[in-house]
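Number of protein chains: 2
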Amino acid sequence: MSSDGNLRAASATVEKALREFMQGRTLPLYTMMAYHLGWVDEHGEPVPPAEQERLRGAICLFSAQAAGADKAEQSVIQEYATLSATAIELLHNYSLIHSDIQEGNPDRGVKPALWWVWGPAQGINAGDGMHALARLALFSMRERGISPERVSAALKVLDEATLSLCEGAYMDTVFQEQLAVSTVEYMEMAEALSGSVVAAAIRLGLMASGGGDEKLQDGLATFGLKLGTAMRIAEDYAVLWGEGERDSAAQGRLIAKKKSLPVVHALENADPSIRRELGNMYAQRVIDPANIDRVREVLDESGSREFTEGVLNDLRRDAGQALTKSEMDDDSRARFAGLIEHAVGPLVS
Amino acid sequence: MSSDGNLRAASATVEKALREFMQGRTLPLYTMMAYHLGWVDEHGEPVPPAEQERLRGAICLFSAQAAGADKAEQSVIQEYATLSATAIELLHNYSLIHSDIQEGNPDRGVKPALWWVWGPAQGINAGDGMHALARLALFSMRERGISPERVSAALKVLDEATLSLCEGAYMDTVFQEQLAVSTVEYMEMAEALSGSVVAAAIRLGLMASGGGDEKLQDGLATFGLKLGTAMRIAEDYAVLWGEGERDSAAQGRLIAKKKSLPVVHALENADPSIRRELGNMYAQRVIDPANIDRVREVLDESGSREFTEGVLNDLRRDAGQALTKSEMDDDSRARFAGLIEHAVGPLVS
C-alpha cells in the first residue's frame, strides 16, 4: 500500500470508531461536536460523509501494529488500540476547539470554527465536553473486558498529555505579546504543544500491544517528538511560503502575532534594521494582512526562511533515524516514514 | 461541634490536601491556578493563608464518614476520601474559571477573576489544566495503594459529572438569549449545572467507604440533587434580595441576562403588562444596572419572589427528609443538615 494509502486506511478505521463512540449522543452539546468533526452542518443536518484525515489516531494504530501482536490477544489489542485512537482524536479536537477561541480564528479549515457559529461560551462548553468524552472513550475499554490496570494506565497518559498541551499553550500565548523569544524557547513550546498529543498517541498504541521492547519505545518516542514539532513548524512555514491552500488556523496565528519559528529567528538574529522593521510590525495589535508580503520578504532577507527549512530538514532526518534505530519491521517503518513525508515532506525543497 | 464548625474543619482538611497536591508545581500555569485558589496574588507572591470554604470537598468527606468505616481499612478510606475531595474541588474550580469567562464576570468573590488578570486565552488554559489535574489527583490514589478498579471507578464518576456540567452550562447559555424558558426547564438546568458536582462529591465519598447501603445511597443522592439545585437558586435569590454581600458572579449573571428562577417564573406567569415590561428589559443586550431595582419590584409584584422562596423552602425540606430516610447516624445527619442551613438557610424567611 502507498504511504498515503496507509494513512487513509487507518484514518477510515479511526473515523468509524469515532462515529460509533459518538452514536446515540443526541443532546445539543453533541451537535456542536459533530459539526466540528465534520459530520453535520451548523443546523445539525448530516452532511455527505467525507474522507477525514485522522492523523493522530492513525499514529496510535500504527504504533500498536509496530509493537506486534500476540495472536491470542489480537481482538483485545484491536479494541484497546481503536478506543485509544478515538480518545486521542477527541483530545486533539478538543484542543483545536479551544485554541480557535483562544486565537480568535473564525475559520477551521474550509468552514467557520465552532465558536464562530455558536459563540465563545458554547465553544468552551463543547471543548470541555469533548475533553471529558476523550476519557470516557478509554473507560469504555472496560466494557470490552480490558483490565482496570490497563485502562487506568491509558487514562493517565491522556491526562499528562493534556497538562503538557496546556503548558505549551500557555507559553504560546505569552510569546504572543513578547518580542524577545529565543529559538530554544520556541522549540520547547512546539514540543509541548504539538509533540504531546503525538507522543501520547504512540504510547497508547504501544500499550495496546503490551508495550513493545525498549528500542521500539525509545525510537518511537523520539520519532513522535520530532514529527509533532515538525508538524507545527511546517504549518507555520506553509502559511508563509507554501504553494497549496493555506491552513486557516495557521494564517490566524500569523495575523494574531503568534510566534512562528522564522519570525523568532529573525527577531533574534537578523540585522538591526530588519529587527527594527519586524519589531514595529509586531508591536501593532495585529499584523496588518497588507504587511504579510513584507514579512515574507524580510524573513527571506534575514535568512530565516532558510534557517526554518534547515530545522525542518533536521527534524525530518532525526525522525527517520529514530525509526531506523527502533528496529521495527519494514511495513511498520514504511507506515511511519510515510507520515513524515505526508506532514513535512512537500513543504521543504 | 456546631454545624459551621463541622464545615470549617472539613474545609481545612480539604484545603491542606489541595495544597499538598499542588505543591512542587511551579510552572506559570500553576501560578494562575494558585491565584484562583486564593494562595498567591496576581504577581505570584504568596498571600497570608486565609480560611477557605471548600464546601463540595467537605460534602465528599462527610459522605465517607456517613458510610462508616471498617477500622482495618481506615487509612485507605482517608486517602481515598481526601484525594476525592481534592479532585472535586479542582473540578468545581475549573468550572468556575471557565464560567467566569463564559459569563464575562470580571470578579470572582472579592478579587478580579483569573481571566480578567491573564486574559481569556490563558483563562481557558488554566481551566483546562485544572480539569486534567482533577483527574491526576485521583490517579495519585494508586501511589497510596488503592486498587486500579477503585481508581478507575472514581475517575468515571468525575468524567460523567463533567459532561453533565457541560450540558447544564449549554442550557444556561441557550436560555440567556431565549425569552420563553419554563420553570421546569430551569430546574433541569440547575440540577445538571449545580447538582452534578455535589452528586459526584457524595458518590465519591460513599465509594471511599465501600459504597454504603442502599438507603444511604438513595437518601444522599436525593439530598445532593436538592442541595445543589438550592445552592444555585439561593445565589440568584441573594443577588436580588439578600442582605449580606452579593456574590459577584451571580450579580454578573443577572446583568448578562442569565435566567434565574424568579425571572423565569415571571416571564411565564405574570400579568401581560409585567411580562411585557420585563421582556423589554431582557431584550436589551445586557440589563442596565440602573434597571435592577425595577426588576426587583416587578418580581415582587408578580409573586415571583414568593414563588422562589417557596421552591427554596421545598428544596430545603426535601433535602432534610432525604437525610431522615437515609437512616444515617446522628452526627452525620447533623453535618449534612448544617450544610442546608449554611447554603440556603439564611436567605429564606
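Residue numbers (this note's numbering), protein chains in the order written: chain R, 1 to 349; chain X, 1001 to 1349.
In this text, a Cβ means the ideal position worked out from N, Cα and C, and glycines have one as well.
Fair warning: this is a prediction, and the values are worked out from it, not measured in the lab.
Cβ neighbour criterion (16 or more within 10 Å) applied to X:K1016: When all chains shown are included, X:K1016 counts as exposed.
Any C-beta of chain X sitting closer than 8 Å to the C-beta of R:E191? Chain X has no Cβ within less than 8 Å of the Cβ of R:E191.
So R:L315 and R:T222 are in contact, right, with Cβ under 8 Å, and what is the actual spacing, rounded? Rounded to the nearest angstrom, the Cβ distance from R:L315 to R:T222 is 11 Å, too far for a contact under 8 Å.
Is it buried or exposed for X:V1286, if we count other Cβ within 10 angstroms and need 16 for buried? Flag for X:V1286 reads exposed.
Cut-off 7 Å between Cβ atoms - residues of its own chain near X:E1089, not counting five sequence neighbours on either side: So the qualifying residues of the chain are V1014, L1018, R1054, R1056 and G1057.
Buried or exposed (CB count within 10 angstroms, at least 16 for buried), R:S182: Counting every other CB atom within 10 Å of its CB across the protein chains shown gives R:S182 a total below 16, marking it as exposed.
Is R:H36 close to chain X? Criterion is C-beta to C-beta, closer than 8 Å. Not one beta carbon of chain X lies nearer than 8 Å to the beta carbon of R:H36.
Of all the CB atoms in chain R, is at least one closer than 8 Å to the CB of X:A1169? Taking Cβ atoms only, chain R reaches closer than 8 Å to X:A1169, which makes this a yes.
Close beta carbons around X:M1032, own chain, < 7 Å, minus the five adjacent residues each side: Non-local beta-carbon contacts of X:M1032 in its own chain, meaning distances under 7 Å to residues more than five positions away in sequence, involve L1114, W1118, Q1122 and A1126 in chain order.
Label R:D329 either buried or exposed according to how many other C-beta atoms from any shown protein chain fall within 10 Å of its C-beta, with 16 as the threshold for buried. R:D329 should be labelled exposed.
Which residues in chain X sit within 8 Å of R:P49, going by Cβ to Cβ distance? For R:P49, no chain X residue has a Cβ inside 8 Å of its Cβ, as the nearest lies near 26 Å away.
Assuming R:H43 and R:I97 are in contact, meaning their beta carbons sit under 8 Å apart, how far apart are those beta carbons, in whole angstroms? Not a contact, Cβ separation roughly 19 Å.
At a Cβ threshold of 8 Å, is R:L136 touching chain X? Yes, its Cβ sits closer than 8 Å to a Cβ of chain X.
Would you kindly work out how many angstroms separate the C-alpha atoms of R:E191 and R:K226, rounded to a whole number? Cα to Cα, the separation comes out at about 8 Å.
Just curious, the alpha helix (DSSP H) that X:G1168 is in, first and last residue? Where X:G1168 is concerned, the enclosing alpha helix (DSSP H) stretches over P1148 to Q1176.
Please list, in chain order, the residues of the segment 1010-1035 of chain X that have any C-beta partner in chain R closer than 9 Å. So the close ones are L1027, P1028, L1029 and M1032.
Any C-beta of chain X within less than 7 Å: which residues of the segment 144-171 of chain R qualify? Hits within the stretch, in order: P148, E149, V151, S152, L155, K156, D159, T162, L163, C166, E167, A169 and Y170.
Spatial distance of R:A134 from X:G1310 (CA atoms): Going from the Cα of R:A134 to the Cα of X:G1310 covers about 41 Å.
Could you check whether the Cβ of X:H1131 sits closer than 8 Å to any Cβ belonging to chain R? A Cβ of chain R is located within less than 8 Å of the beta carbon of X:H1131.
Measuring only the C-alpha atoms, how far is X:D1213 from R:A10? Rounded to whole angstroms, X:D1213 to R:A10 spans 47 Å at the Cα level.
If you follow the alpha helix (DSSP H) that X:W1118 is in, where does it begin and where does it stop? X:W1118 -> alpha helix (DSSP H) spans L1114 to W1118.
Got a sec: which bits of the segment 1095-1109 of chain X sit with their beta carbon under 7 Å from any beta carbon on chain R, in order along the chain? Going along the segment 1095-1109 of chain X in chain order, one finds H1098, I1101 and Q1102 with a Cβ nearer than 7 Å to chain R.
Identify each residue in the segment 1229-1260 of chain X for which the Cβ-Cβ distance to at least one residue of chain R is less than 9 Å, and report them in chain order. For the segment 1229-1260 of chain X, the beta-carbon criterion of a distance under 9 Å to any beta-carbon of chain R is satisfied by none of its residues.
On the three-state DSSP scale, how would you describe R:K111? R:K111 falls in the strand class under three-state DSSP.
Given 7 Å as the limit, tell me if R:L261 has its C-beta closer than that to any heavy atom belonging to the ligand NAD. The ligand NAD is not among the ligands present in this structure, which contains no ligands whatsoever.
Rank X:D1331, X:I1340 and X:R1305 by C-alpha distance to the C-alpha of X:Q1321 and give the top, closest one. Nearest of X:D1331, X:I1340 and X:R1305 to X:Q1321, Cα basis: X:I1340.
Taking Cβ-Cβ distances shorter than 7 Å, what residues in chain X pair up with R:I124? Residues of chain X with a Cβ closer than 7 Å to the Cβ of R:I124 are, in chain order, H1098, I1101, Q1102 and I1124.
Are any of the Cβ atoms in chain X nearer than 8 Å to that of R:A199? Not one beta carbon of chain X lies nearer than 8 Å to the beta carbon of R:A199.
Quick check on R:T86 - is its C-beta less than 8 Å from some C-beta in chain X? Not flagged as an interface residue toward chain X: R:T86, since no C-beta distance is shorter than 8 Å.
Can you give me the Cβ contacts of X:A1234 inside the same chain, cut-off strictly under 7 Å, excluding the 5 residues immediately before and after it? Excluding residues within five positions, the ones whose Cβ falls inside 7 Å are L1312, A1343, V1344 and L1347.
How would you write the range of the alpha helix (DSSP H) that X:R956 sits in, first residue to last? Examination of residue 956 of chain X is not possible in this model, given that chain X is present from 1001 through 1349 alone.
Using DSSP with H/G/I as helix, E/B as strand and the rest coil, what is R:V47? Looking at R:V47 - three-state DSSP - the assignment turns out to be coil, as it is neither helix nor strand.
Residues in the segment 1315-1345 of chain X with C-beta within 7 Å of chain R's C-beta atoms, listed in sequence order? So the list is empty, because no residue satisfies the distance condition.
Report yes or no: do the segment 1171-1179 of chain X and the segment 1256-1266 of chain X share at least 3 C-beta pairs separated by less than 8 Å? A contact exists between the segment 1171-1179 of chain X and the segment 1256-1266 of chain X.
Between the beta-carbon of X:I1273 and the beta-carbon of X:G1109, is there less than 8 Å? According to the sequence displayed, residue 1273 of chain X carries Ser and not Ile. Against a cut-off of 8 Å, the Cβ pair of X:G1109 and X:S1273 comes out as no contact.
Hey, X:G1338 and X:N1006 are a contact pair by Cβ (cut 8 Å); roughly how many whole angstroms apart? Going by Cβ atoms, the distance from X:G1338 to X:N1006 rounds to 6 Å, so yes, they are a contact pair.
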